[in-house]
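Undergrad: Pasting a structure below so you can have a look.
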Amino acid sequence: MASNDRPRAIADVSAGTILATVTIAVPPERVFRAITAEDQIPLWWGADDMYRTTKHMADVRPGGAWRSEGKGADGQDFHVGGEYLEVEPPHRLVMTWIAPWDGDHVTTVTYTLEAVENGTRLTLRHDGFGARRDACRDHGSGWERVLGWLGDFLAKETASKAPAVFHCRLIPPRPDFAFTLTEEERALMNAHADYLRGQLRAGTMMIAGPVADPAGPWGLCILHVDTEAEARAIADGDPVVRSGRGFRYEILPMMSTIM
5 MASNDRPRAI ADVSAGTILA TVTIAVPPER VFRAITAEDQ IPLWWGADDM
55 YRTTKHMADV RPGGAWRSEG KGADGQDFHV GGEYLEVEPP HRLVMTWIAP
105 WDGDHVTTVT YTLEAVENGT RLTLRHDGFG ARRDACRDHG SGWERVLGWL
155 GDFLAKETAS KAPAVFHCRL IPPRPDFAFT LTEEERALMN AHADYLRGQL
205 RAGTMMIAGP VADPAGPWGL CILHVDTEAE ARAIADGDPV VRSGRGFRYE
255 ILPMMSTIM
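By this note's numbering, the letter at position 20 of the sequence shown is numbered 24, and the numbering carries on one by one without gaps.
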């Protein structure tokens, strides 16, 4: 997936409404869990130089209560809470927002999660500020920071699961295979080449080709996939392996790469 887009927030102080958006390179299901689960929100909501959420309680159902607690940069305790109004995982979440620093006014936060090519487009709407222009403006800049924390948290998670690179060596059934092809074997190698071109188009293969080894040519294929099992499945699907004519792949993970 592509990298995250940075969040943007607009506070319409005349209408008392905030609209914020961010695109995050994970599926909606993962984003929905990150914004609702009790064990998730303390992992990302806050920064050491501002405030940090340390506890989150959530009864994620219509009518259920939620509450976040933490410490501010000044060391003082804070909390914010409310009630869930609509819960439609993984695409919609509506809840009230009641914060002591906002005079315990009741406002409404709506999350909308849309699956896009890059992952998930999250749109947040915060309504109900009325004529409290400063509160609307302050919450607008606050939501931009919050969505940035969320995007950064999930980006680190996906980076730790980046695809690995595998060195795949295709060993032919005889050392002089490249020089003694029969017409039937030549047709089989054409099917092999077409198969690898398909992997290249799919983004699972980086490069492939024959290697002029003095002991006998063999085929090189560099795969960029998540697991060795996936690399093995691609190798096993190669027409030359499926032909039963004695071809086999040796698959080794690269310890590191320079790309």
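Glycine included, every Cβ here is placed at the ideal spot set by N, Cα and C.
(1) So which of T58, G74, N122, D78 has the shortest CA-CA distance to G155?
(2) So, for T261: in the same chain, excluding its five sequence neighbours on each side, which residues have a beta-carbon less than 7 Å away from its beta-carbon?
(3) Return the bridge partner residues of K75 from the DSSP annotation.
(4) Which word fits P177, buried or exposed, when buried means at least 16 other C-beta atoms lie within 10 angstroms of its C-beta?
(5) Identify, in the order they occur along the chain, each residue of the same chain with its Cβ nearer than 7 Å to the Cβ of T208, setting aside the five sequence neighbours on each side.
(6) As an exercise, report each continuous beta strand (DSSP E) stretch of at least 3 residues that is fully enclosed by the stretch 19-46, in chain order.
(7) CB Y115 to CB I45, shorter than 9 Å?
(8) Rounded to whole angstroms, what's the CA-CA distance from L185 to A195? Just pull it up for me.
(9) Let me know the beta strand (DSSP E) ranges lying completely inside the stretch 221-247, each 3 residues or longer, listed in chain order.
(10) Verify whether the separation of the beta carbon atoms of E232 and I255 is less than 9 Å.
(11) Can the beta-carbon of A1 be found closer than 9 Å to that of P31?
(12) Measuring CA to CA, which of S145, E234, D108 is closest to Q203?
(13) I'd like the span of the beta strand (DSSP E) that includes H171, first residue to last.
(14) Any idea if G144 is buried or exposed, counting beta-carbon neighbours within 10 angstroms, 16 or more meaning buried?
TA: Per the coordinate set shown:
(1) Taking the sequence shown and counting its residues from 1, one reaches residue 155 at position 151. Answer by Cα proximity: N122.
(2) Translated into the one-based positions of the sequence shown, residue 261 becomes position 257. Same-chain partners within the cutoff: V169.
(3) Mapped onto the sequence shown, residue 75 falls at position 71. DSSP lists R56, D81 as partners of K75.
(4) Residue numbering aside, residue 177 sits at position 173 when the sequence shown is read from its first letter. By the Cβ-count criterion, P177 is exposed, with fewer than 16 other Cβ atoms from all chains shown falling within 10 Å of its own Cβ.
(5) Position 204 of the sequence shown, counting from 1, holds the residue named residue 208. Excluding positions up to five away in sequence, the list reads L227, H228, V229, I238.
(6) Taken in chain order, the complete beta strand (DSSP E) segments of 3 residues or longer contained in the stretch 19-46 are 21-28.
(7) In the sequence shown, residue 115 corresponds to position 111, counting from 1. In the sequence shown, residue 45 corresponds to position 41, counting from 1. The answer is no: Cβ separation not under 9 Å.
(8) The count along the sequence shown starts at 1 and reaches residue 185 at position 181. The count along the sequence shown starts at 1 and reaches residue 195 at position 191. The alpha-carbon atoms of L185 and A195 are separated by roughly 14 Å.
(9) The stretch 221-247 is shown to contain whole beta strand (DSSP E) runs of 3 or more residues at 222-229, in chain order.
(10) The residue you call residue 232 lines up with position 228 of the sequence shown. The residue you call residue 255 lines up with position 251 of the sequence shown. Taking C-beta atoms as the reference points, E232 and I255 count as a pair closer than 9 Å.
(11) The question about residue 1 has no answer, for the chain in this structure spans 5 to 263.
(12) Walking along the sequence shown from the start, residue 203 turns up at place 199. Minimum Cα-Cα distance from Q203 among the listed residues S145, E234, D108 corresponds to E234.
(13) Numbered from its first residue, the sequence shown carries residue 171 at position 167. Under the DSSP assignment, H171 falls in the beta strand (DSSP E) whose first and last residues are 168-175.
(14) Here residue 144 corresponds to residue number 140 of the sequence shown, with the count starting at 1. With 16 or more other Cβ atoms within 10 Å, it is buried.
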